[in-house]
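Q: For any residue, its number in my numbering is found by taking its place in the sequence shown, counting from 1, and adding 231.
Each residue gets a CB set at the ideal place from its N, CA and C atoms; glycine is no exception.
Please read all numbers here as calculations on a predicted model, not as lab measurements.
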Amino acid sequence: MLRPEQKLVIHFHEQIDKLNGKMGHGVLRYSRNPVACAIDFNHGGRSTRELLGFGPDVPVVSSVEAAFEHGGEALVLGMAPSGGRLPPEMVAEVDRAVTGGMSVVNGLHEQLSPRYPDLAAGQWIWDIRQEPTGLDIASGRAAELTNLRALLVGTDMAVGKMTAGLEIWHAALERDIRAEFLASGQIGILISGQGIPLDAIRVDYACGAVEQMVLQAAAAELVIVEGQGSLLHPGSTSTLPLLRGTCPTHLILCHRAGMTELDTVGVTVKVPPLNEVIDLYQDVASACGLYPRPVIAAIALNTAHLADGDAARAVAQVADATGRLTVDPVRGGAGALVDALMA
């Protein structure tokens, strides 16, 4: 499958500067593989640093043909199309990539490997969203572990749970802490090389899949579990399995600065005061005392959309309003979050 030296091409379709480009954004910021170029139909001739302001500065081209000229070896589908299916123009792009010899990293629900049965030697299609084998029903065994288990939870989808988790993981490793990052989504799996695609797992086995993953990391001093969705979101199904399967000792609440309503749902859902959201997560995690009540270590505040001065004020305002440690782990580093978890 994907080798560390293979050069990636991240295909954003037309979403490089939009929230639905988060698969590609995560790969650009954190992938250990070199990124040869990005593709976006609307921004050919520009660069990722110019458009996004983070990650390596790689050229943006407007087609797969141009990506071959930059030495691309594996095409990463870095966008989230409406309905989870590739539009016709993207199917044609993937066809051209495969015909030209590229392998494909696919994080969509739509499986692509059946479309390409005759690949060249060394060529592959990685459909990340596939249910693992050997799953069982959860039994709460993670609560018996003696390590620290930190689960990232959020006020909404796409508020930075994976990013905060990866930043904490890297900061912990820099301090020689035996830490593991357990991915629960396709982006984190691609970046870290391990985890489960939780939204591809049948609901009866979802808690058990999380529990199995956490138990396998029992030797780690600190286990950081990537969160998904939100208990506030009417369409979110992954948050409760993560709470039950992890039996977390600590929670870190992730929130986008200034967000008063959920951004990822088509109806108005207001965000309650953050301390009430914290109480909700602790109450659900402990289930009336049946399971350990996790500690809220801190709030990870996503200020990516703000200028530096506004970001600093937003962090201070949330800290004052909640009385809790508040950090933007990208802007300010995750060291304080690691300190809070290890205290």
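Would you mind giving the Cβ-Cβ distance between Ser344 and Ile356, rounded to the nearest angstrom? I have them listed as a contact below 8 Å.
A: Ser344 to Ile356, Cβ: 4 Å. Contact.
Q: To the nearest angstrom, how far is the alpha carbon of His486 from that of Glu411?
A: C-alpha separation (whole angstroms): 23 Å.
Q: Taking only the alpha-carbon atoms, compute the straight-line gap between Asp271 and Arg555 and give it to the nearest angstrom.
A: If you take the alpha carbons of Asp271 and Arg555, they lie about 40 Å apart.
Q: Looking only at C-alpha atoms, which of His242, Leu366 and Ala402 sits nearest to Val335?
A: Of the listed residues, the one whose Cα sits closest to Val335 is His242.
Q: Per the DSSP calculation, Gly302 is bridged to which residue(s)?
A: Beta-bridge pairing links Gly302 to no other residue.
Q: Determine the direct distance from the alpha carbon of Gly332 to that of Asp539, and round the result to whole angstroms.
A: Approximately 44 Å between the Cα atoms of the pair.
Q: Near Pro318, what residues of its chain come up, given a Cβ to Cβ distance below 7 Å and the 5 sequence neighbours on each side ignored?
A: Result list for Pro318: Pro312, in chain order.
Q: Compute the beta-carbon to beta-carbon distance between Pro472 and Ala437, rounded to the nearest angstrom, for a pair I have assumed lies under 8 Å.
A: Going by Cβ atoms, the distance from Pro472 to Ala437 rounds to 4 Å, so yes, they are a contact pair.
Q: Tell me Ser334's beta-bridge partners as DSSP assigns them.
A: Partner(s): Ala305.
Q: Given this structure, state the Cα-to-Cα distance separating Leu532 from Asp551, to the nearest angstrom.
A: Roughly 13 Å separates the two Cα atoms.
Q: Can you find the residues in the same chain that come closer than 7 Å, C-beta to C-beta, to Leu541, ignoring five residues on each side of it along the sequence?
A: Per the sequence shown, residue 541 should be read as Asp rather than Leu. Within the same chain, Asp541 has no close Cβ partners at all.
Q: Let me check understanding here. Comparing Cα to Cα, which of Leu446, Arg263 and Trp400 lies closest to Asp570?
A: Nearest option by C-alpha distance: Trp400.
Q: Between Thr477 and Arg380, is the Cβ-Cβ spacing less than 8 Å?
A: Yes, they are a contact pair.
Q: Could you tell me the boundaries of the alpha helix (DSSP H) in which Cys478 lies?
A: Unbroken run through Cys478: none, as it is neither H nor E.
Q: Excluding the 5 residues flanking Asp435 on each side, which residues of the same chain have their C-beta closer than 8 Å to its C-beta?
A: Correct list, in chain order: Ile368.
Q: Buried or exposed for Gln447, please, with buried defined as at least 16 other CB atoms from any protein chain shown within 10 angstroms of its CB.
A: So Gln447 counts as exposed.
Q: Looking only at DSSP bridge pairs, what is Thr557 linked to?
A: Looking at the DSSP assignment, Thr557 forms a beta bridge with Ile530.
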